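A.B. asks: In my numbering, the protein residues as written are 26 to 945.
Glycine included, C-beta positions come from ideal geometry on N, C-alpha and C.
Computed from a predicted structure; not experimentally measured.
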């Protein structure tokens, strides 16, 4: 009754007759303005009573959170847990996700400060699982941050850093404000290994703290001081020690002004610990003793304080006080610190007893003489027993450490092997998609060009060439297996060396021309030279070196190929002007499955150079690399060859032809027709670039760029109706290109499509979060790609025309409007299965008139609200069909809220170029 009366006093005259729900909201606002904890407690309790009357669960649980926060801030953790537990059961019974998430998080916080690590971790994991189902991803980020914080408590720093970086990535993906990340930054200060990293995250955290809130500042400085304290002592210079000391002093001053004993206690322990590192033992003991007089937040904290204090007394040589403190420490130690405390107790007990015995010896000299033999005997026995005991103890510790290290080593090795296998299989899956696209695409083009034999023949040749690429990748893997099993055979043939090498080199001329790379070949091998060798293995080495050189060479550069034959040894070299190789990687690039940082951006399965090295060694030769970062690389093959005298050469020897007249398979159009929309195609694979150009050149003016860097140079002076890009490319990959375009006001709204072999959902999410308009996975349908491009350009044109006609209506608050668009999209997805969903319902939800809603959507998408809803329905349908989540088209239609089968089929084909039945 007293609490109810107090609540009635809090309700002003204006709210006395208000409904219970409004009273609850009023009390919550009042609590936000109140600083006195006892007042907040009463407000929270009263608000909860009113929430039961109004039957409003969300407000009721917010009231519960208010009361819990008061108990938590007062250190009444058990009371907070007892108060929260019934409400967790209620949330679970009613299947209330968000309240369940909050209460699990609050229970974890309180259990953590009671040193109940297992219970805390259990609650944090439960909160994580719930957060995955919540519509707002920020709670998932919060859950990862809390788990990272929990792992810090049990000193698992690497695991903590993983969760915290995951939280940071989630915050970045949803464009969360920096202020949301400051707790994660503070936790990362503890988790990282290097003091320099502490500085980095400390600056980010401090930049997002409200400097007018002393409690936030105290918390920050406490985290900063502790972060330096927990780093490897060998890495801490006096400068970092002083930074930590300064942080703890600031924490203490703020906490003292706010009467926060818990903060003062932890700050003094940290201060004393750093003073010990600085060998200021007396000052450290003074700080520890002051902390000892304050309330202790947890038994673990008090144990650590006593341990530090006993160490300080020991360093000073005050074994009596060290013994007393260690005895107290021994009395409160938990099971985790049990062995450590016993070890200290035995050590101090021995030193203290030895000191007392020395005093008794000085006082009883006559008695010493009489008992000398007896006493010495017992001393030797005691010392011997102690040494044996310590020896056994240390042996057991060392054995356990060796066993733990061995297990850890095996786990790390297994983890590395698993990652290697996963990466290798992923690379194969990725690498095969591009040639498959070119095979299927060119076969379709051959069918379309069946009346034009020249074009059809060219398409069939390209398809065959790419089937060879798939076969070569498979053969490389089989060759490696043969080498491992020592089953590689030597297939000797007689060849005319110069003509054979010319054929190999100039077979790459077409690919080089597509990429606008000059292939310069210089040979001093005599025309009449015949040799015996396994030409198949040499050809695989040469093909690998040349394909890599073209892949990494920038457009309009030069690749130099040279060969010579001296002292019965062939020397064959390939020099490119690519990015080069870091000196640390020169040997690693010949290891199986290894890919350098730059190589990982352009694909490959990571065995080409390894296999080439193996083949060179098998032929008793060498394969080496000479490279300088930023200036290119030279790969040199040296192989001894057996010369065949002219008299032994048979007349019917099948000699290879000399240089073929290989013309480029594509001539990039300069764009004679000015009425065509201009498309920028960014693709590092020359054949794939040529294929895309061939698909689009009849409808659009196409410009090719072979990596993100070239694309950005073109964007400096040209504008495009649409940009297509691969993801894995050298220099600047697709993601980085999109990020750079986002900073260019002139181009950031240009429609952008990823055409990539990467089909993981995480890659798609990352692309769309960067503003990518569409994502096409290789292999793809020609009609689908053209339809997607056509729709995007159509929407862009509609948007630009609307903006020109309605210039006076354009909004300048772009970021606000785009957030509104995300909100609109989310609400549409929530009502996707509602075929009666109306524009008025959407406008009412976002709080805009239908006219305002149409203006915003036209300005940023070029679509009316009706067409925007249809676009989201169709995109959802495409995803469902692609992922095979439904058995029939009817199920898909009902899921997205379209009842008419004919309407759905017609609109789907218009949007994606293929009927939905083809994807089922």
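1. Drop a sphere of 10 angstroms on the beta-carbon of residue 821, count the other beta-carbons inside from all chains shown, and report buried for 16 or more, exposed for fewer.
2. Measure the C-alpha to C-alpha separation of residue 804 and residue 463 and round it to an integer number of angstroms.
3. So within the region 844-906, which uninterrupted alpha helix (DSSP H) runs reach at least 4 residues, ignoring any that extend past its ends?
4. Using a Cβ-Cβ cut-off of 7 Å (strictly less than) and excluding sequence neighbours within five positions of residue 945, which residues of its own chain qualify?
5. What residue from 488, 341, 334 has the CA that sits closest to residue 353's CA?
6. Is residue 475 buried or exposed, if buried means 16 or more other CB atoms sit within 10 Å of its CB?
7. Short of 8 Å in beta carbon distance, which residues of its chain neighbour residue 4, apart from the five on each side in sequence? Order them along the chain.
8. Quick one: complete beta strand (DSSP E) runs, 3+ long, within the region 553-598?
9. For residue 163 and residue 113, what's the separation of their Cα atoms in angstroms?
10. Distance check for residue 897 and residue 545, CA to CA, integer angstroms please.
11. Hey, residue 131 and residue 93: beta-carbon distance below 9 Å or not?
12. Taking only three categories from DSSP, how would you classify residue 69?
13. Starting from the C-beta of residue 241, find all residues in its chain whose C-beta is less than 7 Å away, skip the five residues before and the five after it, and write them out in chain order.
14. Pop quiz: residue 216 and residue 182 are said to be a contact at Cβ under 8 Å. What is the actual Cβ separation, rounded to whole angstroms?
15. Given that a residue counts as buried once 16 or more other Cβ atoms are within 10 Å of its Cβ, and exposed if not, what is residue 232?
16. Check whether the Cβ atoms of residue 173 and residue 212 sit closer than 9 Å, and answer yes or no.
17. Going by Cα to Cα distance, which pick from 287, 274, 220, 225 is closest to residue 262?
18. Per DSSP, which one or two residues make a beta bridge with residue 660?
19. Counting C-beta neighbours from all protein chains within 10 Å, is the total for residue 921 16 or more, i.e. buried, or is it exposed?
20. Looking at the structure shown, is residue 546 part of a helix, part of a strand, or coil, going by DSSP?
21. Would you mind reading off the limits of the alpha helix (DSSP H) that contains residue 142?
22. Check whether the region 265-274 and the region 290-308 touch, using three or more Cβ-Cβ pairs below 8 Å as the test.
23. In the DSSP assignment, find the unbroken alpha helix (DSSP H) run with residue 253 in it and report its ends.
24. Could you please give me the residues that DSSP links to residue 729 through a beta bridge?
25. Could you say which of 604, 118, 148 lies nearest to residue 129 if we only look at CA atoms?
26. Could you spell out the range, first to last residue, of the beta strand (DSSP E) harbouring residue 519?
27. Three Cβ pairs or more, each shorter than 8 Å: is that satisfied between the region 874-882 and the region 768-787?
28. Tell me whether residue 171 is buried or exposed, calling it buried when 16 or more other Cβ atoms sit within 10 Å of its Cβ.
29. Have a look at 648, 565, 591 and flag the residue whose alpha-carbon is nearest the alpha-carbon of residue 616.
30. Throw me the rounded Cβ distance for the residue 206 and residue 190 pair, which I believe falls under 8 Å.
31. If you follow the alpha helix (DSSP H) that residue 799 is in, where does it begin and where does it stop?
32. To the nearest angstrom, how far is it from the Cα of residue 890 to the Cα of residue 878?
33. Please classify residue 316 as buried or exposed, where buried requires at least 16 other C-beta atoms within 10 Å of its C-beta.
34. If I follow the unbroken beta strand (DSSP E) through residue 781, where does it start and stop?
35. For residue 331, count neighbouring C-beta atoms within 10 Å of its own C-beta (all shown protein chains included) and say buried if the count is 16 or more, exposed if not.
36. Let me confirm a value: residue 829 is counted as buried when at least 16 other C-beta atoms fall within 10 Å, else exposed. Which label applies?
C.D. replies: A quick look at the data gives this:
1. On the chain shown, residue 821 is found 796 positions in, with the first residue counted as 1. Answer is buried; the Cβ neighbour count reaches 16.
2. To locate residue 804, count along the chain shown from 1; it is residue 779. To locate residue 463, count along the chain shown from 1; it is residue 438. Cα to Cα, residue 804 sits roughly 8 Å from residue 463.
3. 864-871, 875-886
4. Start at 1 with the first residue of the chain shown, and residue 945 comes out as number 920. For residue 945, where only same-chain residues beyond five positions count, the Cβ hits under 7 Å are 906, 914.
5. Residue numbering aside, residue 353 sits at position 328 when the chain shown is read from its first letter. Nearest of 488, 341, 334 to residue 353, Cα basis: 334.
6. Counting from one through the chain shown, the residue named residue 475 turns up at place 450. Residue 475 is exposed by the Cβ-count criterion.
7. With the chain covering 26 to 945 only, the question about residue 4 has no answer from this structure.
8. 555-558, 583-591
9. By 1-based counting over the chain shown, the position of residue 163 is 138. By 1-based counting over the chain shown, the position of residue 113 is 88. For residue 163 and residue 113, the distance between alpha carbons rounds to 21 Å.
10. As a working note, residue 545 is residue 520 in the chain shown. As a working note, residue 897 is residue 872 in the chain shown. If you take the alpha carbons of residue 545 and residue 897, they lie about 52 Å apart.
11. On the chain shown, position 106 is the one that residue 131 refers to. On the chain shown, position 68 is the one that residue 93 refers to. It is a contact, given that the beta carbons lie within the stated cut-off.
12. Stepping through the chain shown from its first residue, residue 69 is reached at position 44. The answer is helix: DSSP assigns residue 69 an H, G or I state.
13. In the chain shown, residue 241 corresponds to position 216, counting from 1. The answer, listed in chain order, is 234, 235.
14. Counted from its first residue, the chain shown places residue 216 at position 191. Counted from its first residue, the chain shown places residue 182 at position 157. Confirmed, about 5 Å.
15. As a working note, residue 232 is residue 207 in the chain shown. Residue 232 is classed as exposed because its beta carbon has fewer than 16 other beta carbons within 10 Å across all chains shown.
16. As a first step, residue 173 must be located in the chain shown, where it is residue number 148. As a first step, residue 212 must be located in the chain shown, where it is residue number 187. Yes, these two residues count as a Cβ contact at 9 Å.
17. Position 237 of the chain shown, counting from 1, holds the residue named residue 262. The residue with the shortest Cα to Cα distance from residue 262 is 220.
18. Counting from 1 along the chain shown, the entry for residue 660 is found at position 635. Beta-bridge pairing links residue 660 to 599, 650.
19. On the chain shown, residue 921 is found 896 positions in, with the first residue counted as 1. Per the 10 Å Cβ criterion, buried.
20. The residue you call residue 546 lines up with position 521 of the chain shown. Residue state, collapsed to three classes: strand.
21. Your numbering for residue 142 matches position 117 in the chain shown. Unbroken alpha helix (DSSP H) run through residue 142: 142-156.
22. Yes: the two stretches touch, three or more of their Cβ pairs being nearer than 8 Å.
23. Residue mapping note: residue 253 aligns to position 228 of the chain shown, counting from 1. From DSSP, the alpha helix (DSSP H) with residue 253 extends over 239-254.
24. By 1-based counting over the chain shown, the position of residue 729 is 704. Per DSSP, 706.
25. The residue labelled residue 129 in the question sits at position 104 within the chain shown. Among 604, 118, 148, the Cα nearest to that of residue 129 belongs to 148.
26. Translated into the one-based positions of the chain shown, residue 519 becomes position 494. First-last of the beta strand (DSSP E) with residue 519: 518-521.
27. no
28. Here residue 171 corresponds to residue number 146 of the chain shown, with the count starting at 1. Under this definition residue 171 is a buried residue.
29. Position 591 of the chain shown, counted from the first residue, corresponds to residue 616. If we check each option's Cα against that of residue 616, 648 comes out closest.
30. Taking the first residue of the chain shown as 1, we reach residue 206 at position 181. Taking the first residue of the chain shown as 1, we reach residue 190 at position 165. Contact doesn't hold; Cβ gap of about 11 Å is too wide.
31. Taking the first residue of the chain shown as position 1, residue 799 is located at position 774. First-last for residue 799: 799-802, but that is the beta strand (DSSP E), not the alpha helix (DSSP H).
32. Position 865 of the chain shown, counted from the first residue, corresponds to residue 890. Position 853 of the chain shown, counted from the first residue, corresponds to residue 878. The straight-line gap separating the alpha-carbon atoms of residue 890 and residue 878 is approximately 7 Å.
33. For the purposes of this step, residue 316 is taken as the residue at position 291 of the chain shown. Looking at its Cβ environment, which holds 16 or more other Cβ atoms inside 10 Å, residue 316 is buried.
34. Here residue 781 corresponds to residue number 756 of the chain shown, with the count starting at 1. From DSSP, the beta strand (DSSP E) with residue 781 extends over 777-781.
35. For the purposes of this step, residue 331 is taken as the residue at position 306 of the chain shown. Residue 331 comes out buried.
36. By 1-based counting over the chain shown, the position of residue 829 is 804. Label assigned to residue 829: exposed.
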